[in-house]
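No gaps in the numbering here: position 114 of the sequence shown is 146 in the working numbering, and each next residue is one more. Glycine included, each C-beta is placed from N, C-alpha and C at the ideal position.
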Amino acid sequence: MKGEKIEIMTDGELDFINISDKIEEIISKFNVKNGMCIIFLKSTTSAIIINEDDDNLIEDFRELLRRLVPENMVYRHDTTWGDGNGRSHLRSMMLRNQACIPVINGKLALGTWQSIFLVELDVRPRKREIIVAVMEE
Numbered sequence: 033m034k035g036e037k038i039e040i041m042t043d044g045e046l047d048f049i050n051i052s053d054k055i056e057e058i059i060s061k062f063n064v065k066n067g068m069c070i071i072f073l074k075s076t077t078s079a080i081i082i083n084e085d086d087d088n089l090i091e092d093f094r095e096l097l098r099r100l101v102p103e104n105m106v107y108r109h110d111t112t113w114g115d116g117n118g119r120s121h122l123r124s125m126m127l128r129n130q131a132c133i134p135v136i137n138g139k140l141a142l143g144t145w146q147s148i149f150l151v152e153l154d155v156r157p158r159k160r161e162i163i164v165a166v167m168e169e
């Protein structure tokens with residue numbers, strides 16, 4: 033298995049960053065032809081998702097997260113820790129912090145419209161660390 037760490041600075045709450053190219057660069061760098069790519073985000077207030085890179089879709093998803101876990105609620109985490117990011121943790125629990133994608137002929141086996149995103153859910157900008165591990169066949 034070969035691995036590498038990516039660090040990405042986000043702009044804060046509900047920032048969507050397409051990281052597909054960064055993952056492809058790592059696969060190319062390691063010269064993996066066929067295998068599996070594991071993407072793991074070291075965070076409890078952000079997520080990894082795979083979906084279409086469409087501005088309207090991203091805005092719809094932001095609105096969905098705001099409706100499901102509103103900003104104007106009192107969350108126990110906030111009253112305990114005082115950091116105001118209880119909603120960030122809850123949103124993160126609904127999503128995931130990893131993805132596993134096949135590598136075929138040196139490329140991620142993503143569908144035509146699929147992209148990999150880091151989604152920042154915390155209430156402030158953060159530096160995020162993503163571990164990318166590639167296992168060759």
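In chain order, what residues of the same chain have a beta carbon less than 8 Å from the beta carbon of residue i, not counting five sequence neighbours either side?
{"i": "P102", "result": "R119"}
{"i": "N137", "result": "K65 and N66"}
{"i": "Q130", "result": "I70, I71, F72, L73 and I80"}
For residue i, which residues in the same chain have their Cβ closer than 6 Å to its Cβ, ignoring the five residues on either side in sequence?
{"i": "D110", "result": "G116 and G118"}
{"i": "E84", "result": "W145"}
{"i": "I58", "result": "E36 and V164"}
Rounded C-beta distance between residue i and residue j? I'm assuming under 8 Å.
{"i": "R160", "j": "I40", "result": "5 Å"}
{"i": "I163", "j": "F48", "result": "Not quite, the Cβ-Cβ distance comes to about 20 Å (not below 8 Å), so this is no contact."}
{"i": "R158", "j": "T42", "result": "5 Å"}
{"i": "S78", "j": "D154", "result": "7 Å"}
Which same chain residues end up closer than 7 Å to residue i when comparing Cβ atoms and leaving out the 5 residues on each side of it in sequence?
{"i": "M167", "result": "M33, G67 and M68"}
Quick one: Cα of residue i to Cα of residue j, how far?
{"i": "I80", "j": "I51", "result": "10 Å"}
{"i": "E36", "j": "L97", "result": "30 Å"}
{"i": "L127", "j": "G114", "result": "23 Å"}
{"i": "E152", "j": "H121", "result": "11 Å"}
{"i": "D141", "j": "T112", "result": "Reading the sequence as shown, one finds Ala at residue 141 and not Asp. The alpha-carbon atoms of A141 and T112 are separated by roughly 43 Å."}
{"i": "R99", "j": "I55", "result": "31 Å"}
{"i": "L150", "j": "V135", "result": "20 Å"}
So, residue i versus residue j, is the Cβ gap smaller than 9 Å?
{"i": "R108", "j": "L46", "result": "no"}
{"i": "K82", "j": "I148", "result": "Before going further, note that residue 82 is Ile rather than Lys in the sequence given. Contact flag set, yes."}
Does residue i come within less than 9 Å of chain C when only Cβ atoms are used?
{"i": "T144", "result": "Within the model displayed, chain C is absent; a lone protein chain is all it includes."}
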